[in-house]
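Residues in the sequence shown are numbered from 8 upward in steps of one, following the numbering used here.
Following: one structure in structure tokens, then a few remarks.
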Amino acid sequence: MIHRNVHFSILIGAPKANTSQTNIIEGGSVYLCPWSQDQSDCSVVNFDNEGDRSFHVNDVDVQVEFKSHQWFGATVRSHGNTVLACAPRYYWRTEHDAPFSDATGTCYLSVDNLKTFVEYAPCRTERHGPAGQGYCQGGFSADFTKVRQLVSATTEEIVKAYFPSYFLLSVTGQIQTRQANSVCSNVFQMGSYFGYAVAATDINNDGLDDLVVGAPMFMQRGSDGLRWEEVGRVYVYLQQRPLLFEPSLPPLGGSQAFGRFGSSLAPLGDLNQDGFNDIAIGCPFGGDDQQGLVLIYNGHASGLKDTPTQALAGQWASGTFPASFGYALRGEKDLDQNGYPDLIVGAFGADKAVLYRARPIVNASASLTVQPTMINSEEKSCMVSNGNKTISVVNLSFCLSANGKHLPADLVFMVEVQLDHLEQKQRESSVRRTLFLDSHQPSLLETITMANGGPTCHDTRIYLRSEGEFRDKLSPIYITLNFSLDPLAQLDLHGLKPILNYQTTHIIKQKAQIQLDCGEDNICVPDLKLAVYGDRTEVYLGDENSLTLTFNARNEGEGGAYEAELYVVLPAEADYSGIARNNALTCSYEAENQTRSLVCDLGNPMKSGTSLWAGLRFTVPRLKDTHNTVQFELQIRSKNENKSQSDDELFHLEVAVVADVILQGVSRPDKLLFPPPNWRMSHSLQEEQDVGPEIQHVYELVNNGPSMISQSVLELRCPLKSQGHDLLYPLEVITQGPLDCSSNHTLNALKLKVRDRLTHIHTKGPAYIILPQALIPDTVYIHVLTPVMWNKPDSQYMVPLWIIILAILAGLLLLTLVIYVLYKLGFFKRSNLYGTAMEKAQLKPQASSEA
Numbered sequence: 008m009i010h011r012n013v014h015f016s017i018l019i020g021a022p023k024a025n026t027s028q029t030n031i032i033e034g035g036s037v038y039l040c041p042w043s044q045d046q047s048d049c050s051v052v053n054f055d056n057e058g059d060r061s062f063h064v065n066d067v068d069v070q071v072e073f074k075s076h077q078w079f080g081a082t083v084r085s086h087g088n089t090v091l092a093c094a095p096r097y098y099w100r101t102e103h104d105a106p107f108s109d110a111t112g113t114c115y116l117s118v119d120n121l122k123t124f125v126e127y128a129p130c131r132t133e134r135h136g137p138a139g140q141g142y143c144q145g146g147f148s149a150d151f152t153k154v155r156q157l158v159s160a161t162t163e164e165i166v167k168a169y170f171p172s173y174f175l176l177s178v179t180g181q182i183q184t185r186q187a188n189s190v191c192s193n194v195f196q197m198g199s200y201f202g203y204a205v206a207a208t209d210i211n212n213d214g215l216d217d218l219v220v221g222a223p224m225f226m227q228r229g230s231d232g233l234r235w236e237e238v239g240r241v242y243v244y245l246q247q248r249p250l251l252f253e254p255s256l257p258p259l260g261g262s263q264a265f266g267r268f269g270s271s272l273a274p275l276g277d278l279n280q281d282g283f284n285d286i287a288i289g290c291p292f293g294g295d296d297q298q299g300l301v302l303i304y305n306g307h308a309s310g311l312k313d314t315p316t317q318a319l320a321g322q323w324a325s326g327t328f329p330a331s332f333g334y335a336l337r338g339e340k341d342l343d344q345n346g347y348p349d350l351i352v353g354a355f356g357a358d359k360a361v362l363y364r365a366r367p368i369v370n371a372s373a374s375l376t377v378q379p380t381m382i383n384s385e386e387k388s389c390m391v392s393n394g395n396k397t398i399s400v401v402n403l404s405f406c407l408s409a410n411g412k413h414l415p416a417d418l419v420f421m422v423e424v425q426l427d428h429l430e431q432k433q434r435e436s437s438v439r440r441t442l443f444l445d446s447h448q449p450s451l452l453e454t455i456t457m458a459n460g461g462p463t464c465h466d467t468r469i470y471l472r473s474e475g476e477f478r479d480k481l482s483p484i485y486i487t488l489n490f491s492l493d494p495l496a497q498l499d500l501h502g503l504k505p506i507l508n509y510q511t512t513h514i515i516k517q518k519a520q521i522q523l524d525c526g527e528d529n530i531c532v533p534d535l536k537l538a539v540y541g542d543r544t545e546v547y548l549g550d551e552n553s554l555t556l557t558f559n560a561r562n563e564g565e566g567g568a569y570e571a572e573l574y575v576v577l578p579a580e581a582d583y584s585g586i587a588r589n590n591a592l593t594c595s596y597e598a599e600n601q602t603r604s605l606v607c608d609l610g611n612p613m614k615s616g617t618s619l620w621a622g623l624r625f626t627v628p629r630l631k632d633t634h635n636t637v638q639f640e641l642q643i644r645s646k647n648e649n650k651s652q653s654d655d656e657l658f659h660l661e662v663a664v665v666a667d668v669i670l671q672g673v674s675r676p677d678k679l680l681f682p683p684p685n686w687r688m689s690h691s692l693q694e695e696q697d698v699g700p701e702i703q704h705v706y707e708l709v710n711n712g713p714s715m716i717s718q719s720v721l722e723l724r725c726p727l728k729s730q731g732h733d734l735l736y737p738l739e740v741i742t743q744g745p746l747d748c749s750s751n752h753t754l755n756a757l758k759l760k761v762r763d764r765l766t767h768i769h770t771k772g773p774a775y776i777i778l779p780q781a782l783i784p785d786t787v788y789i790h791v792l793t794p795v796m797w798n799k800p801d802s803q804y805m806v807p808l809w810i811i812i813l814a815i816l817a818g819l820l821l822l823t824l825v826i827y828v829l830y831k832l833g834f835f836k837r838s839n840l841y842g843t844a845m846e847k848a849q850l851k852p853q854a855s856s857e858a
């Protein structure tokens, strides 16, 4: 909101506007607009109404100037009732008979509040060479100094030298730099457009105007190191004495690729009321979406500060044509009369201008006092109602003061006091050490209203928890005060809210410490020692491998070790089972990324002279034959600042292979009669049974572990001959499963017909198994025997005939003798079928009927 009793007008350049000039296309114009939302009140300022002028040479009119597309209004400056407007793309024909013209540029000046106008074209001369005037483009940028000196000539001399009918004018006292020896030729690259924008203002508050020069096309290599990017630069020249400028190094550099930092410059006056004038620098193609940026730089005794204090971003994202927010800037005017200068930002591509009003600056400071700074946790000075226990007290006091120019009568601040706020997030201890008594919270938030300049103070108390409720006793207890202006406070009479000076230290930090039993300096220096013993030295593949590690932890130093812990890094093959000794020991298992560890509490503090024995149980079930050892890493760690840990202790276990292997075998049949009955050797062998009986050996390999056998070899050795005669005929090898068999003898050399049989391993004779030496240290042997009973060759199958006849006769004789004996015994006599009469009488009726 702008104060209604004050009226302002602004000049707006429109470099591509069409005018009423004859035969001129987009000559450009300047508009005078009252500062209001209604743009229909704008009017054209008639700096130049003429079209292109000609020069009469040899009775011929030769066109000597070209105003179409001259960008009149690209530069507009005002100082009091003096106004300057320039057309940097105005062309002038230096040589009347030359086919080309030069971009000399031209400007128009008004010194009587836009009533009369004079032309000023410092580059429009008769000077010519291989390139004529070159691209002088006078009026590309310009500014007024405090003494109303325009670029390098005074406004009085320009007006005095002006004659409307003269093209070439000589201004008395005009100063210019030489083309090759400018004061800045050694600090910018060719083609950087050095001088595209200039601004004159007293930056270092020495009473002399200084010069700020933009070079928006300055290029540097991009992050990929290949292409060149137009980042732009701004150079500052401090005036040591009249017209003697010295560069303030280093120059300000743009950070936005192709942002063209330095395309526009605007003195702002003293924004932050620190005695030094500030500068706004445009970066019209900067920003994430190339919407444009305006950066605010504050002045100081040595020039401009190297980092901006504020960045204004464009409100229109880049489309088919960039919005070019920051293409034009103008400041140093207090439009709303709140005592601070404002800034107008033009967006060339969006055809808009935005007003940024400066807000009142508040210079605030605060102090924070903590008493005592060394807390004795054994001194209990306050009773807490809940829990009926006493705790230690710390007194806290903070004060706040503020001042500034054109501030509201009352300022509203938000003040927050926090305990261990930032540091607590970095600590491993999850229990806060302090709290406010009233709210039982580790922070205090208050709203304070104070008069402009008047200080205000506040006292409170904080309390330390009981010693058993927290672990961290070494780290300082940080008390942080953070203050800011209340964002919900009411607006001032101008519709603005004040802001804190950007240099304000709004975070204040104090600290207190817990008193330790470590002498006058309160610094504990432990000397931690660790010894580790194991109940075994090797582990076996395939076994669970129970392991107990016994450790001795000692503190041989002069002070306690606080938050002392045993840190055990577990190998990937091992698992933690539990505590073997000392039930008072507490351990926790932790896993982070690929690291698994065990953390055991050794005391807080682990006092000087402590010697602790304890045991930890593990299993090592996941062994692989790719590693020869398994390693445990153990260390004692504390939170002490000095000598906080012991040396690393490494415990190694050798990886071994143990297998209890048994080989068993039987023969089928268990013995053999050879030659078998009714077997006759054939001279023509056709089938396998023609050779002889079959012998089978069955073998069983048993591994009772714990390690497994990765490979084994069964070697069969069979006696093929005995006493010079063939004994066994190698017939075939039949396998089942992933077996690979070979023989150093020709199998079934006679090509006998083999009958079908179930798949099995067919072996003959004694055999044994050879196991790999890498796994089993000894070879296991077994002998499987098949006893052979031999028949005599002459009694195999033939019985003599006389023995047969003799046997028959002996049989007949024996039969005759048996018949005779039976006859003598009455075996062949007939018996009476019914018996005697007496016998019949004695028969019972029932027996008789049954008979």
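The C-beta atom is built at its ideal place from N, Cα and C for all residues, glycine as well.
What you are looking at is a predicted structure, and each value in this text was computed from that prediction instead of being measured.
Use the C-beta contact count for residue i: other C-beta atoms within 10 angstroms, 16 or more gives buried, fewer gives exposed.
| i | result |
| --- | --- |
| residue 224 | buried |
| residue 812 | exposed |
| residue 880 | Residue numbering for the chain in the displayed model covers 8 to 858; residue 880 lies beyond these limits and cannot be assessed. |
| residue 580 | buried |
| residue 635 | exposed |
| residue 433 | Since pLDDT at residue 433 reaches only 47, below the 50 mark, its modelled position is unreliable, and no value is offered. |
| residue 649 | exposed |
| residue 41 | exposed |
| residue 771 | Note that residue 771 has pLDDT 36, beneath the 50 cutoff, so the model's placement of it is unreliable and no number is given. |
| residue 749 | exposed |
| residue 731 | exposed |
| residue 206 | buried |
| residue 497 | exposed |
| residue 26 | buried |
| residue 282 | exposed |
| residue 831 | exposed |
How far does the alpha helix (DSSP H) with residue i in it reach, from first residue to last?
| i | result |
| --- | --- |
| residue 809 | 808–831 |
| residue 166 | 162–168 |
Taking residue i and residue j to be in contact with their CB atoms under 8 Å, please state how far apart those CB atoms are, rounded to whole angstroms.
| i | j | result |
| --- | --- | --- |
| residue 292 | residue 252 | In fact, because the Cβ distance is near 29 Å, the residues do not count as touching under 8 Å. |
| residue 587 | residue 555 | 5 Å |
| residue 244 | residue 254 | 6 Å |
| residue 74 | residue 34 | 5 Å |
Between residue i and residue j, is the Cβ-Cβ spacing less than 8 Å?
| i | j | result |
| --- | --- | --- |
| residue 640 | residue 654 | no |
| residue 377 | residue 403 | yes |
| residue 759 | residue 692 | yes |
| residue 570 | residue 607 | no |
| residue 226 | residue 181 | no |
| residue 211 | residue 309 | yes |
| residue 260 | residue 204 | no |
| residue 351 | residue 17 | yes |
| residue 585 | residue 533 | no |
Starting from residue i, trace the beta strand (DSSP E) in both directions and tell me its first and last residue.
| i | result |
| --- | --- |
| residue 583 | 582–588 |
| residue 257 | 251–260 |
| residue 293 | Note, residue 293: premise wrong, no beta strand (DSSP E); not H, not E. |
| residue 725 | Counting along the chain, residue 725 falls outside any beta strand (DSSP E), and DSSP gives it neither H nor E. |
| residue 226 | 226–228 |
| residue 5 | The question about residue 5 has no answer here: the residues shown for the chain are numbered 8 through 858. |
| residue 84 | 82–86 |
| residue 711 | 703–713 |
| residue 873 | As displayed, the chain neither begins before 8 nor continues past 858, which places residue 873 out of reach and without an answer. |
Task: Inter-stretch contact at 8 Å, needing at least 3 Cβ pairs: the region 317–337 / the region 285–299 - done: The region 317–337 makes contact with the region 285–299, as at least three CB pairs between them are under 8 Å.
- [ ] Evaluate contact between the region 621–631 and the region 567–582, counting only Cβ atoms and requiring at least three cross-stretch pairs below 8 Å.
- [x] A contact exists between the region 621–631 and the region 567–582.
Open item on the list: Quick test of the definition: if touching needs 3 or more C-beta pairs under 8 Å, does the region 166–174 touch the region 226–242?
Closed with: Between the region 166–174 and the region 226–242, the count of C-beta pairs closer than 8 Å stays below three; the two stretches do not touch.
- [ ] Could you tell me whether the region 592–606 touches the region 557–565, using the rule of 3 or more Cβ pairs below 8 Å?
- [x] Here the region 592–606 makes no contact with the region 557–565; the two share fewer than three CB pairs at distances below 8 Å.
- [ ] Say whether the region 453–470 touches the region 498–512, bearing in mind that this needs 3 or more beta-carbon pairs closer than 8 Å, one atom from each stretch.
- [x] No, because fewer than three Cβ pairs between the region 453–470 and the region 498–512 fall closer than 8 Å, the two stretches do not touch.
- [ ] Would you check if the region 358–377 and the region 112–123 touch, i.e. whether three or more CB-CB distances between them fall below 8 Å?
- [x] Because the criterion of three Cβ pairs below 8 Å is not met, the region 112–123 and the region 358–377 do not touch.
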